[in-house]
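Protein sequences appear in the order of chains Z and B.
Position in the first sequence (from 1) plus 248 gives the number in my numbering.
Position in the second sequence (from 1) plus 248 gives the number in my numbering.
For each residue, glycine too, the CB sits at the ideal point set by N, CA and C.
Bear in mind the structure is a predicted one, so any value in this text is a computation, not a measurement.
Contents: one structure, followed by commentary.
Protein chains: 2
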Amino acid sequence: MQSKKKTAGAKQTKLSTEQKIIAAAKRVFTIKGYSATRTRDIATEAGINLALLNYYFRSKEKLFELIMFESASRFFLSIKSILNDPSTDLQTKMELLAGHYTDLLIQEPNFPIFILSEIQANPQRLIRELEAIQQLPQSVFMAQLKKELKKNNNKLHPMHFVINLMSLMVFPYVVKPMMMRMFTRDENHFTTLMMERKNYIPIWMNGVLSHSEVKPKKAKKHAQMV
Amino acid sequence: MQSKKKTAGAKQTKLSTEQKIIAAAKRVFTIKGYSATRTRDIATEAGINLALLNYYFRSKEKLFELIMFESASRFFLSIKSILNDPSTDLQTKMELLAGHYTDLLIQEPNFPIFILSEIQANPQRLIRELEAIQQLPQSVFMAQLKKELKKNNNKLHPMHFVINLMSLMVFPYVVKPMMMRMFTRDENHFTTLMMERKNYIPIWMNGVLSHSEVKPKKAKKHAQMV
DNA sequence: AAATATTTTAATCATTTGATTAATTTTTAA
DNA sequence: TTAAAAATTAATCAAATGATTAAAATATTT
Chain Z
249 MQSKKKTAGA
259 KQTKLSTEQK
269 IIAAAKRVFT
279 IKGYSATRTR
289 DIATEAGINL
299 ALLNYYFRSK
309 EKLFELIMFE
319 SASRFFLSIK
329 SILNDPSTDL
339 QTKMELLAGH
349 YTDLLIQEPN
359 FPIFILSEIQ
369 ANPQRLIREL
379 EAIQQLPQSV
389 FMAQLKKELK
399 KNNNKLHPMH
409 FVINLMSLMV
419 FPYVVKPMMM
429 RMFTRDENHF
439 TTLMMERKNY
449 IPIWMNGVLS
459 HSEVKPKKAK
469 KHAQMV
Chain B
249 MQSKKKTAGA
259 KQTKLSTEQK
269 IIAAAKRVFT
279 IKGYSATRTR
289 DIATEAGINL
299 ALLNYYFRSK
309 EKLFELIMFE
319 SASRFFLSIK
329 SILNDPSTDL
339 QTKMELLAGH
349 YTDLLIQEPN
359 FPIFILSEIQ
369 ANPQRLIREL
379 EAIQQLPQSV
389 FMAQLKKELK
399 KNNNKLHPMH
409 FVINLMSLMV
419 FPYVVKPMMM
429 RMFTRDENHF
439 TTLMMERKNY
449 IPIWMNGVLS
459 HSEVKPKKAK
469 KHAQMV
């Protein structure tokens, strides 16, 4: 039933109904999640009649899958080229990744919880469809990581490194409301701090790589080291 | 029809109806979230009549608030004593925190997403009620942190440290399904790796504190570091 | 035991919600 | 211009869902 839309010139003088629905659904789903989202919310947000949602996308679930897959691709697939580039070293890859995710998540701070909630609700589906996740263990990145750990005589399981890198890049946006409550109420200031992390994260991760057990200057009275 | 027979299973006939409902609701809410949870799910899980849920807790929302507040308290309030103990140094506090959250989250790996989703859905309510969050800026921990940064001549904004520490402790459980897909399918192995982090996290965080710009051993060609 | 209070149950209510339908308007094609 | 196709709308449906009710069962008190 759907017709081809006329490719209207350069700028979008007017969004097509389909585009309006997708844009609205993206906003609402991302903020409220799948279950809390009502198709009527989306219709209102898009300024269209409720029936058009089903007319164009069959069902709420189909629409959600479309958006989730697009979001997840943007989140995971986009880094495939970085991870598998043989011409860059590990250090450079970390810098590229930190830069990429910082830029992405400053624009889309709700992305992480949106995707992580979906993984929680439906662990197998998303992970199964995302080759980027499955291919990571065989990536150039992983090979370089293992080599570097070996060189440093660092017994660390590679998973720790991957978790830490993801953590430092993604988690700040997950706890953004809390951090802003505690440290700054200013949106721009928060963004500035996030930009700083582009440079910090690779440095911090070098500490993880190098296995430098930096001890505190002051002699400590440890008690419960297992 | 259903008498209070001992239906072979985890349900204890010892538990009161109220306790059974709370336990069941905790399980279901934690896994599925508020909106996706049906009161009938909880009733079935608890092995009780649907009406009893409203009889004891008035409404789904009231029951949720009870559980959410209890969960959040366990997550945040429990560390208040650690953060405000003047007799332990920063290093010890990090070790205690890493130990505390590791033990807690190995038992309750779904906690983080549960709480973070609530913060996403209702940013003000939870944060407003949790004094632990509001009091953190005035804690002994924060004072010690700032002092340590100053001593190390480290210009790092304290927020970065707090974010990083939380990230390293909490995020692994948020991405657990993904990590297990990539690195190990063995639940026990994953737990072992998480236990390792008890010791690693304070070490890694010392790197963040000390402002050691650990450069990669291999000489880098391009230097974009300031 | 009888009376009273509490707990539990089955049935049902009132909304909400995703989806459909049939009619109407707008666009496209002939 | 006119007929067919596509898009849009208002109305409505059926199922799901949170909540309530009145009666029955059980426990407690007198």
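Inter-residue CB distance, residue i and residue j (contact presumed, cutoff 8 Å)
| i | j | result |
| --- | --- | --- |
| P360(Z) | V422(Z) | 5 Å |
| F305(B) | A380(B) | Between A380(B) and F305(B) the Cβ distance is about 25 Å, and since that is not below 8 Å, they are no contact. |
| T287(B) | L301(B) | 5 Å |
| M407(Z) | I367(B) | 27 Å between Cβ atoms; not a contact. |
| I330(B) | L345(B) | 6 Å |
| K341(Z) | F389(Z) | 6 Å |
First through last residue of the alpha helix (DSSP H) which encompasses residue i
| i | result |
| --- | --- |
| D289(Z) | 287 to 294 |
| K328(Z) | 328 to 331 |
| R322(Z) | 308 to 324 |
| K399(Z) | 388 to 399 |
| H348(B) | 338 to 355 |
| L378(B) | Counting along the chain, L378(B) falls outside any alpha helix (DSSP H), and DSSP gives it neither H nor E. |
| N302(B) | 298 to 305 |
Interface residues of chain Z facing residue i [CB-CB closer than 9 Å]
| i | result |
| --- | --- |
| Q368(B) | I279, K280, G281, N358, I361, F362, S365, V422, P425 |
| I315(B) | The contacting residues do not exist; I315(B) stays about 17 Å from chain Z at best. |
| I354(B) | Per Cβ cutoff of 9 Å: no residues; I354(B) is ~14 Å from chain Z at best. |
Which of helix, strand or coil DSSP assigns to residue i
| i | result |
| --- | --- |
| F277(B) | helix |
| H459(B) | coil |
| V422(B) | helix |
| F431(B) | coil |
| H405(B) | coil |
| S264(Z) | coil |
| N454(B) | helix |
| S202(B) | As displayed, chain B neither begins before 249 nor continues past 474, which places residue 202(B) out of reach and without an answer. |
| N370(Z) | coil |
| N358(Z) | coil |
| S335(Z) | coil |
Per-residue burial, residue i [other beta carbons within 10 Å of its own, 16 or more giving buried]
| i | result |
| --- | --- |
| K399(B) | exposed |
| E318(B) | exposed |
| T285(B) | buried |
| R433(B) | exposed |
| M443(Z) | exposed |
| S458(B) | buried |
| K394(B) | exposed |
| N412(B) | buried |
| N454(B) | buried |
| K268(Z) | buried |
| A354(Z) | Checking the sequence shown, residue 354(Z) turns out to be Ile, not Ala. It is exposed - the Cβ of I354(Z) has fewer than 16 other Cβ atoms within 10 Å. |
| Q512(Z) | An answer regarding residue 512(Z) cannot be provided, because it is not within the stretch 249 to 474 covered by chain Z. |
| K253(Z) | With a pLDDT of 36 at K253(Z), under the threshold of 50, the modelled position of that residue is not reliable, and the figure given next carries that caveat. Under this definition K253(Z) is an exposed residue. |
| R429(B) | buried |
| R445(B) | buried |
| T350(B) | buried |
| T292(Z) | exposed |
| G295(Z) | exposed |
| L365(Z) | At residue 365(Z) the sequence reads Ser, which differs from the Leu that was named. So S365(Z) counts as buried. |
| K310(Z) | exposed |
| S415(B) | buried |
| T440(Z) | exposed |
Partner residues on chain Z for residue i, Cβ-Cβ distance less than 7 Å
| i | result |
| --- | --- |
| P371(B) | P425 |
| I375(B) | P425, M426, R429 |
| I290(B) | Ordered by position in chain Z, no residue passes the 7 Å Cβ test against I290(B), which lies about 15 Å from the chain. |
Contacts that residue i makes with chain Z (C-beta to C-beta distance below 8 Å)
| i | result |
| --- | --- |
| Y448(B) | L404, H408 |
| V388(B) | Chain Z residues near V388(B): none, gap ~15 Å exceeds 8 Å. |
| L441(B) | H405, M407, H408 |
| I269(B) | Within 8 Å Cβ-Cβ: nothing; I269(B) doesn't reach chain Z, min ~21 Å. |
Interface partners of residue i on chain B, CB under 8 Å
| i | result |
| --- | --- |
| M414(Z) | F419, V423 |
| I330(Z) | By Cβ distance, chain B contributes nothing, its closest Cβ being about 16 Å from I330(Z), past 8 Å. |
Under 9 Å from the C-beta of residue i: neighbouring residues of chain B
| i | result |
| --- | --- |
| P385(Z) | M430, F431 |
| A284(Z) | G281, Y282, S283, A284, A369 |
| G455(Z) | I451, W452, N454, G455, V456, S458, S460, V462 |
Cβ-heavy atom distance, residue i to the ligand MN, below 7 Å
| i | result |
| --- | --- |
| E318(B) | In the structure shown, the ligand MN is absent, as is every other ligand, since no ligand is present at all. |
Contacts that residue i makes with chain B (C-beta to C-beta distance below 7 Å)
| i | result |
| --- | --- |
| V276(Z) | Near V276(Z) there are no residues of chain B at all, since even the closest Cβ is about 12 Å away, more than 7 Å. |
| I381(Z) | M426, R429, M430 |
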